[in-house]
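Right, one structure below, let's go through it.
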Amino acid sequence: MEGDGSETVSLEALEREQAIHMQVGMEKEDSFYAVALFVAVLLGLWIIKRLHADEFVGHFHDKYVLLTGCDSGFGRETALRLDSLGFNVFATCLTSEGQAKLTNMCSKRLTALHLDVTSSQEIEAAFKFVAQNLPENAGLWGLINNAGIAKVGPIEWQTIEDFKQVADVNLWGLIDVTKVFLPLIKKECGRVINIASIGGRASLPHASAYSISKFGVEAFSDALRRELGPTGVKVSIIEPGFFQTNVTNPDILKEQWQGLWTKLNQSLREEYGENFYQTSVKNMLTGMVDTCASPHLYKVVDSIVHSLTSRYPKSRYVVGWDANLLWIWVSRLPAGVGDALLNLLGEKAEPIVCAGASTKQCEPSRKLNGNHNAVNGFIVDK
C-alpha cells in the first residue's frame, strides 16, 4: 500500500511538472505570435504609407501659406518654389531689402511683409494683415516656421544673452507665431511645418545655443502633432544637415568666433590659448562646414513642399547626406561612441585642463586617504 501511495504522488508531481512545461511553452508561443503580429502590423502600415506617399492634394491656387524667414536660404527658395507652384504666399522678411527682392522675383500671388518673430506686437500685426487679406471664410493651408539664427563658440565664451538671443528667434518666436496663427490653420485642417535641424537630434560641440533651441523645436513639434492629431491638422519637422546658408557661412562664423575671442577675459584666453582658437576655427568649424555643407538647397525645399502637399506627410524629414549617414547615428549611438565619432572629424584642439591647478588636483580620484577629500570625482587637498 505504501508503494502505491508513493507511486501516486510521483505521478501527480510528474503531471504537474508536465502541465507547467506545457503552460510555459504555450506562453512562449503566445509571445512569439504577439511579436510576429506586431511586426506584421508595422510592416503593413509601412507598406500602406509607401503606397500612398505620392498622393497629393490639389487646387494649389486656392491655398494660402505663411512662410517666415524669407530673406535668404531655405525661406527664400521655398517662397520662390511655392509661388511657381501656384500657392498664395505670405512671405515674411526681417529686412526691407529681402522684401523688395522677393516682390521683384515673384508673381502677385506672393505678398512680402516685414516680421521680427521675437516681437509679439509684430506677430499680432502680421496676423491681422493676413486675416484681412484672406478670402472670406478662408484660413491658412500652411504655416512654415523657417526663421532662424545661429551662434557658435565654446559654452564658456558665450554669455547667457547669446543663448537667449538664439532661443528667442529659433524657439520662442516659432512658438509665438504658431500659437497666434493656429486658428487660421485649424480652419483649413492645414499643416504646420517647423524647420528644425539635425542639430536638434545631435548636439554638436561649439553649437550648443543652436542645438538647445532646435531640441526645443523638436519637443514642441512632437507635442503639437499629438495634440492636434484629432483636429486634422498635420505637423511635420524638417531636419536639415549642413547646407550652404547664412547659418553655415564661414565668414559669418569666423566673425562670431573672433568676436567671442576678443571679448574673452584674460584668464580664459590664457586657459584656452591661441592655438585652441586658431585650430578650432580652421579644423572644427570651417573644415566641417566645407566638408559637409551642401549647395543643393532644393533638397530641403523638396521636403518642405512634400510635407505641404502630400496627403500623408511624414512627421520627420531628415535631409542631407551628412544628416542621414552621420549625425542621425551620432544621436542614436551610445554617448561614448558618438563622442568618439565626433572627435574623428577634425584635429583636436584641447584647452588647458584645470588651469592653475596641480597635476595631483586634476587626477580622477581612485583612492582617498586622510589627507584628501573627493569633490566631483577629483582629489582636493584638505
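For the sequence shown, the working numbering begins at -14 and goes up steadily by one.
Quick reminder that beta carbons are idealized off the backbone N, C-alpha and C, glycines included.
Reduced DSSP secondary structure (H/G/I, E/B, other) of residue i
i	result
Pro225	strand
Ile129	strand
Lys164	helix
Arg176	strand
Val137	coil
Ser(-5)	helix
Ser279	strand
Ser295	strand
Glu121	coil
Thr230	coil
Lys171	helix
Thr144	coil
Lys93	coil
Close beta carbons around residue i, own chain, < 6 Å, minus the five adjacent residues each side
i	result
Val232	Ala135
Arg176	Gly127, Lys219, Leu293
Asp56	Cys78, Leu79, Thr80, Gly83
Ser92	Asp68
Identity of the residues DSSP links to residue i by a beta bridge
i	result
His99	Cys78
Tyr49	Asn73
Phe114	Per DSSP, none; premise fails for Phe114.
Arg301	Ile222
Phe59	DSSP, once it has assigned bridges, lists no residue as partnering Phe59.
Phe41	Ser295
For residue j and residue i, the rounded distance between their alpha carbons
i	j	result
Leu95	Arg186	33 Å
Asp147	Gln106	23 Å
Val220	Val102	20 Å
Met273	Phe41	37 Å
Gly29	Asn131	34 Å
Glu255	Val137	20 Å
Ala(-2)	Ala4	10 Å
Ser265	Thr216	48 Å
Leu189	Ser196	7 Å
His44	Lys172	17 Å
Arg1	Gln8	10 Å
Asp161	Leu209	13 Å
Ile145	Ala181	22 Å
Leu87	Val24	49 Å
Asn89	Val115	20 Å
Gly60	His99	14 Å
Neighbourhood of residue i by C-beta, 7 Å cutoff - its chain only, sequence neighbours within 5 removed
i	result
Gly305	Pro225, Gly226, Phe227, Phe228, Ser279, Lys284
Ala303	In the sequence on display, residue 303 carries Val and not Ala. Taken in chain order, the residues that qualify are Ile183, Glu224, Asn309, Ile313.
Phe166	Leu51, Phe112, Leu125, Leu128
Ile289	Thr63, Ile129, Ile178, Ile223
task: Evaluate the contact criterion for the stretch 155 to 174 versus the stretch 193 to 208: three or more CB pairs, one atom per stretch, below 8 Å.
output: The stretch 155 to 174, when compared against the stretch 193 to 208, does touch it at the 8 Å Cβ threshold.
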